[in-house]
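Engineer: Residue numbers (the numbering used here): 314 to 551.
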C-alpha cells in the first residue's frame, strides 16, 4: 500500500537517483553531524521514514519556501503543514515527533536543577515551545520554594496578537500546586519580542494578586523568532 501521499500524481515525482541520494545524505549526517547539513536536508532526513519511495527533496524545499527554516517547519501546526501539496498525515506526524522530542529534551534540562540557575535552559525551552507558534500562547512555569519546576502549563491560546489572561486564575492554579513562585512566558507571532503596554500591565496585575499570598513572580519572558525579552531584565516590573 503506498506510503503517505507516496503515489504518482502527488506533485513530486520520483527520481531514479533518489536511493543513492538518501544513503549519501544519511552517511554525511552520521559522519559530520547536523552542522554539515542545510535545513532542507534535515527536513529530507525526517521525511525519509514517512515517504520511503519518493524523492523528497522537492517537498523539503517547498516546506522551506513556505515556512523559512527547519525550526519553523517542525513547529508549524498540522493544519498549516497539510496545506503543502504532497504532505500527508504520516509525514506531518514525523515532523511533529521531532518537535515533541526537542521539547521533551529541553523540559528535562529544566527539571534537573533550580530554574533560576539554569537561565539558558529556560530560554531554550521557551523558544522551542513557543517562538514559532502562529498564535499567541500564555504559559506558566510553577516553581517550589527551591525554584525547581513543579509544573509547566499552557494556560491560554489566543489570536495572532492577543491572548486573554486572567490573573486570579493564574494565582488560583499556583495555590492548587503549592507553588511559591511563577515564571510567566508568552510568544509574539510577529517575531518581535518587544513587550507591549498590555504585556506590562497584565504582568503587574498578576504580581498584585500573587504577592499578598506569598507567591513571587520571578519574570515574564516574551519569545519570538527574532529573540526574547525579559520584563525584569528591562526593568519593566519589580
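Glycine included, C-beta positions come from ideal geometry on N, C-alpha and C.
Assess contact between the segment 362 to 380 and the segment 391 to 404, defined as three or more Cβ pairs (one per stretch) separated by less than 8 Å. Is contact present?
Structural biologist: As far as the Cβ criterion goes, the segment 362 to 380 touches the segment 391 to 404, which means the pair count is three or higher.
Engineer: Where does residue 406 sit, in a helix, a strand or coil, going by DSSP?
Structural biologist: Mapped onto the chain shown, residue 406 falls at position 93. Of the three classes helix, strand and coil, the one that applies to residue 406 here is helix, per DSSP.
Engineer: Tell me whether the segment 457 to 466 and the segment 402 to 415 touch, counting them as touching only if at least three CB pairs, one residue from each stretch, are closer than 8 Å.
Structural biologist: At 8 Å Cβ cutoff, the stretches do not touch.
Engineer: Expressed to the nearest angstrom, what Euclidean distance is found between the alpha-carbon atoms of residue 435 and residue 423?
Structural biologist: Taking the first residue of the chain shown as 1, we reach residue 435 at position 122. Taking the first residue of the chain shown as 1, we reach residue 423 at position 110. Each residue's Cα considered, the two are about 6 Å apart.
Engineer: What does the Cβ neighbour count give for residue 524, buried or exposed, with the cut at 16 atoms within 10 Å?
Structural biologist: Here residue 524 corresponds to residue number 211 of the chain shown, with the count starting at 1. The residue in question, residue 524, is exposed, as its Cβ has fewer than 16 Cβ neighbours within 10 Å.
Engineer: Helix, strand or coil for residue 400? Go by DSSP, reduced to three states.
Structural biologist: In the chain shown, residue 400 corresponds to position 87, counting from 1. Of the three classes helix, strand and coil, the one that applies to residue 400 here is coil, per DSSP.
Engineer: How many angstroms separate the CA atom of residue 481 from the CA atom of residue 413?
Structural biologist: Start at 1 with the first residue of the chain shown, and residue 481 comes out as number 168. Start at 1 with the first residue of the chain shown, and residue 413 comes out as number 100. Each residue's Cα considered, the two are about 30 Å apart.
Engineer: Entirely within the segment 443 to 524 and at least 4 residues each: give me those alpha helix (DSSP H) ranges in chain order.
Structural biologist: Listed in chain order, the complete alpha helix (DSSP H) runs (minimum 4 residues) inside the segment 443 to 524 are 480 to 489 and 510 to 523.
Engineer: Give me the residue from 538, 537 and 532 with the minimum Cα distance to residue 545.
Structural biologist: As a working note, residue 545 is residue 232 in the chain shown. Minimum Cα distance to residue 545 is reached at 532.
Engineer: Take residue 507 and list the residues in its own chain whose beta-carbon comes closer than 7 Å to its own, dropping the five residues that flank it on each side.
Structural biologist: The residue given as residue 507 occupies position 194 in the chain shown. Hits under 7 Å: 542.
Engineer: What does the alpha-carbon distance come out to for the pair residue 547 and residue 534?
Structural biologist: The sequence position of residue 547 within the chain shown is 234, counting from 1. The sequence position of residue 534 within the chain shown is 221, counting from 1. Each residue's alpha carbon lies about 11 Å from the other.
Engineer: Among residues of its own chain, excluding the 5 on either side of residue 415, which ones have a beta-carbon nearer than 7 Å to its beta-carbon?
Structural biologist: Counted from its first residue, the chain shown places residue 415 at position 102. Within the same chain, residue 415 has close Cβ partners 441.
Engineer: Let's test the definition: count the other Cβ atoms within 10 Å of the Cβ of residue 343 and tell me whether it reaches 16, buried, or not, exposed.
Structural biologist: Indexing the chain shown from 1 puts residue 343 at position 30. Flag for residue 343 reads exposed.
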